[in-house]
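Colleague: Before I ask anything, here is the structure I am working with.
Number of protein chains: 2
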Amino acid sequence: MDKIKMGVVGLGQRGKGITKDVLVKNGDIVITALCDVYEDRITECAEIVKKENGNEPKGTLNYRDLISKELIDAVYIATSWETHIPVAIDFLNAGIPVALEVGGSLDIKELWELVDAWEKTKTPFMFMENCCYGKDELLGTQMARKGVFGEIVHCSGAYAHDLREEVATGKEKRHYRLNHYISENCENYPTHELGPIAKLLNINRGNRMVSLVSVASKAAGMRDYVKKNSDKLENKELQGEIFNQGDIVDTIITCENGETIRMCLDTTLPRSYDRAFTVRGTNGYYTQTLNYVFIDGDEEAFQTIEHNMKNINNAVKYEEEYLPEFWKKITKEEIEAGHGGMDAFEFRGFVSALKNKKEMPIDVYDAAAWMCITALSSESIKNNGAPVQIPDFTRGAYKTRKPKDVFPI
Amino acid sequence: MDKIKMGVVGLGQRGKGITKDVLVKNGDIVITALCDVYEDRITECAEIVKKENGNEPKGTLNYRDLISKELIDAVYIATSWETHIPVAIDFLNAGIPVALEVGGSLDIKELWELVDAWEKTKTPFMFMENCCYGKDELLGTQMARKGVFGEIVHCSGAYAHDLREEVATGKEKRHYRLNHYISENCENYPTHELGPIAKLLNINRGNRMVSLVSVASKAAGMRDYVKKNSDKLENKELQGEIFNQGDIVDTIITCENGETIRMCLDTTLPRSYDRAFTVRGTNGYYTQTLNYVFIDGDEEAFQTIEHNMKNINNAVKYEEEYLPEFWKKITKEEIEAGHGGMDAFEFRGFVSALKNKKEMPIDVYDAAAWMCITALSSESIKNNGAPVQIPDFTRGAYKTRKPKDVFPI
């Protein structure tokens, strides 16, 4: 295989960003086809490809036009949450390798269909959870793997990202989240925090998520935002809109091996960004918010809240020993190429596995297990936080599958 | 009323500490009676009183000996979690004002009995939740009261305090937590974080807690601790002990007005201390871990985890405008007198209300609502996180009761 001929389906904010910042800069990839339901997005991305790589990709409004092994060797799918799984299934069934952008799923049935399609075809499939390649997440994970934190007991994380402006002021109400925030109430975006945690806890590989509870606060943030910012709103009718999505959704997952995972969706109140990746063990912990490592026996730390503040960023001391090599060797270009390097790394992971015919670093079972949290949290919230069982998409195979990290790439 | 003649029942770690650091230093109080089930504790505390105040308090092994209006004007009760409520009820029924130390309760019935005893007698009663007088908690609460954070949507907090050594190595297995950690699995100490949050959210005063879910991680911390530290253990038999208490217990409470409260018990894994008091609103937030305030519109903050770290401790800017006066005027003695001032303040609050015949700043309904979380979390954990209804101890009166803060004192 020379360069991988890549199609991109879905050229909204994420699809365009990956095209521009990652795909045209990856020497192993050439973009040969572009698809979106909006013509203007295709034109814009085609210009980017032509300018950066010199070639003119085929453009189409219908993703089925891309289902051709002559046209593409693989497809990256970044369409809306509602559509990306059915689209992925169509490519898998046609034997075209899929890189699937993240999101949650409200439909357990479509996740089983995704798993079925992969099991039937074994077409290479990777779930593109970039945070699995995050520097902080990998540092904490490697330290946990090497036993620094002792027996692992609990992990937590958040998708804490104020999206009010993005969701409310998007062009022509096209934003992929808008309808969700109006109609649904759930942990709508679980994978950024859950992916790295699931890797660390060997979910689907000796461990599995058994059940969850989910509770949502009232929905006040979007209502308040559209009221305060009427001048910014292209879509004035949003001012009368009732948003159903609770501002803070807390979810607690129980794992078969006794660990708990606490997650928080936090996207419609003012705040600074955080993923809050945290791993707790019998010998210490790492927490991303402070980039802070605590090891048992640190007496000074014992009694003061201030200790955390004083020792902020002390995790840098551990990078030399525990950070994966590709993070130590990161180039300026990679740092600039989307989310500080994560996006470039995840595509290197995909390309590497595809070229070398290796198992994908994040597979269809990861995808299904992580995305199903959205549907299950919706059910739990509707029932005042009642526990909901989490399906085992591996059909028992998790018992013998071996742990797998995203590195080396 | 001149000096308040005070009895102290329960002279373990907390009772002794309050006697030594707070009561003998409070000019409005004279300790006239001391009670504990261990003679050595009485002797030790009597010596402290004699040395500091010159008088010799009566000592007794039976708290009923203190039920005498000649002997005491009020009683401070700091016995074990299992006993402090029945003891309090006996004093209330005798018309002797009660200052009740905190803890959780595994018995909803005894909480109703406490409420009944107060309603029947109207004997002054205060729940001594010192964190309601915490500097950080009061700064955040006052900012919320003044509308700085907009509409309040969510609060969170933790009791994050590594107690492994204290629980495992205590003298003669007397530690008040030890049996709990062996036998129970619950949010065993909810009030340090819940008290200040309940005050802020006007629980029992226009709002109420409706239901909760609680999930516990596995219990690995104590087992690991006693294994690693056999040399420190006076009680060698703890090495074979099975501890039932999960290391991390996450609880989410839903309030009638739509806010959620997230709490975390975190006492048996290595970590630095934190209460993590956090209040989130449509216009901003305060969080104690970083002593950090974020107000909507801070563009620089928007996209980076690092922003939090850079702006740590920025809440000091708001102290002049929002911190209650008694915190601004704190003396060196008060800072030194237990938990950085909180303990002195709570007793000033008690004395002030008692002398001036005012409503107590933290009342029996607060006590019952906050302590019941322990019993309810135990039930939820036993049922895999099933939601549990929270009683309304005000029997509907919360609908018309007016908000009440702990200040001024």
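Heads up: the sequence lines are chains L and X, in that order.
No gaps in the numbering here: position 343 of the first sequence is 378 in the numbering used here, and each next residue is one more.
No gaps in the numbering here: position 357 of the second sequence is 392 in the numbering used here, and each next residue is one more.
Just so it is clear, CB atoms sit at the ideal spot from N, CA and C, and this is done for glycine as well.
1) Helix or strand or just coil, what does DSSP make of I162/X?
2) How many Å lie between A379/L and D151/L at the Cα?
3) Does DSSP put N519/L in a helix, a strand or coil?
4) Counting C-beta neighbours from all protein chains within 10 Å, is the total for K51/L 16 or more, i.e. buried, or is it exposed?
5) Can we say the stretch 312-328 of chain L touches the stretch 179-193 of chain L, given the rule of at least three CB pairs closer than 8 Å?
6) How many whole angstroms separate the CB atoms of A350/X and Y321/X, which I take to be in contact at a CB cut-off of 8 Å?
7) Identify the residues that DSSP records as bridge partners of L191/L: which are they?
8) So with CB distances below 7 Å, who are the chain A contacts of I283/L?
9) Run down chain L in chain order and give the residues with a C-beta less than 7 Å from the C-beta of R306/X.
10) Can you find a C-beta in chain X that's less than 8 Å from the C-beta of L325/L?
11) Locate the beta strand (DSSP E) running through F329/L, then write down its first and last residues.
12) Counting only Cβ-Cβ distances shorter than 8 Å, please list the residues of the stretch 360-374 of chain L near chain X, keeping chain order.
13) Once DSSP output is grouped into helix, strand and coil, what is the label at A421/L?
14) With a cut-off of 8 Å on the beta carbons, I'd call G42/L and A68/L a contact; round off their distance for me.
15) Against T289/X, what residues of chain L qualify as contacts under a CB-to-CB distance less than 9 Å, listed in chain order?
16) Taking 8 Å as the CB-CB limit, is G185/X close to chain L?
17) What residues in the stretch 196-228 of chain X have a beta carbon less than 8 Å from any beta carbon of chain L?
18) Using C-beta distances below 7 Å, list every residue in its chain close to T295/L, excluding the 5 sequence neighbours before and after it, in chain order.
19) List, in order along the chain, the chain L residues whose C-beta lies closer than 8 Å to that of S246/X?
20) Got a sec: is the Cβ-Cβ distance from G376/X to anything in chain L below 8 Å?
21) Which whole-angstrom value is the C-beta distance of K55/X and D108/X, which I expect to be below 8 Å?
22) Chain X beta carbons: is any one of them nearer than 8 Å to that of D259/L?
23) Please work out which residues of its chain come closer than 7 Å, Cβ to Cβ, to W153/L, disregarding the five sequence neighbours upstream and downstream, and give them in chain order.
24) Determine the DSSP secondary structure at T322/L, reduced to helix, strand or coil.
25) Can you name the start and end residues of the alpha helix (DSSP H) that K390/L belongs to?
26) Return the CA-CA distance between G332/L and R306/X, expressed in angstroms with no decimal places.
27) Excluding five sequence neighbours on each side, which residues of the same chain lie with their C-beta closer than 8 Å to the C-beta of A113/L?
28) Look at the alpha carbon of S265/X and the alpha carbon of E186/L, and state the distance between them as a whole number of angstroms.
29) Which chain X residues are close to G384/L, counting only those with a beta carbon under 7 Å from its beta carbon?
30) Can you tell me the Cβ-Cβ gap for V284/L and S246/L, rounded? I've got them flagged as a contact below 8 Å.
31) Just to confirm before moving on: does the CB-CB distance between D440/X and K234/X stay below 8 Å?
32) Where in the stretch 74-144 of chain X do unbroken runs of the beta strand (DSSP E), each at least 3 residues long, occur, reported from the N-terminal end onward?
33) My assumption, with CB atoms under 8 Å, is that L358/X sits in contact with L173/X. Please give the rounded CB distance.
34) Name, please, each residue of chain L whose Cβ falls closer than 8 Å to the Cβ of G256/X.
35) Hey, G167/L and T409/L: beta-carbon distance below 8 Å or not?
36) Tell me G448/X's beta-bridge partners as DSSP assigns them.
Modeller: Inspection of the coordinates gives the following:
1) A quick correction: the sequence has Phe, not Ile, at residue 162/X. DSSP places F162/X in strand when its eight states are reduced to three.
2) 29 Å
3) Residue 519/L is absent from the model: chain L starts at 36 and stops at 444.
4) buried
5) yes
6) 6 Å
7) Reading off the sequence, residue 191/L comes out as Ser, not Leu. DSSP, once it has assigned bridges, lists R297/L and T313/L as partnering S191/L.
8) In the structure shown, chain A cannot be found, because the protein chains are L and X.
9) Y320 and F329
10) yes
11) Y327 to I330
12) none
13) coil
14) 4 Å
15) V250, A251, S252, N419 and G420
16) yes
17) D197
18) H189, I287, I288 and T289
19) N419 and G420
20) no
21) With 8 Å as the limit, K55/X and D108/X do not qualify as a contact, their Cβ atoms being about 21 Å apart.
22) yes
23) L127, F160 and V399
24) strand
25) M377 to K390
26) 9 Å
27) V43, V44, G45, L46, G47, R49, G50, I53, H119 and E136
28) 18 Å
29) None at all; the shortest Cβ gap to chain X is about 23 Å.
30) Rounded, the Cβ-Cβ distance is 16 Å, inconsistent with contact.
31) yes
32) 93-95, 109-112 and 133-136
33) 7 Å
34) V188 and T317
35) Gly is not the amino acid found at residue 167/L; the sequence shown has Cys there. Cβ distance not < 8 Å, so C167/L and T409/L don't count as in contact.
36) Chain X is shown only over 36 to 444; residue 448/X falls outside these bounds and no answer can be derived.
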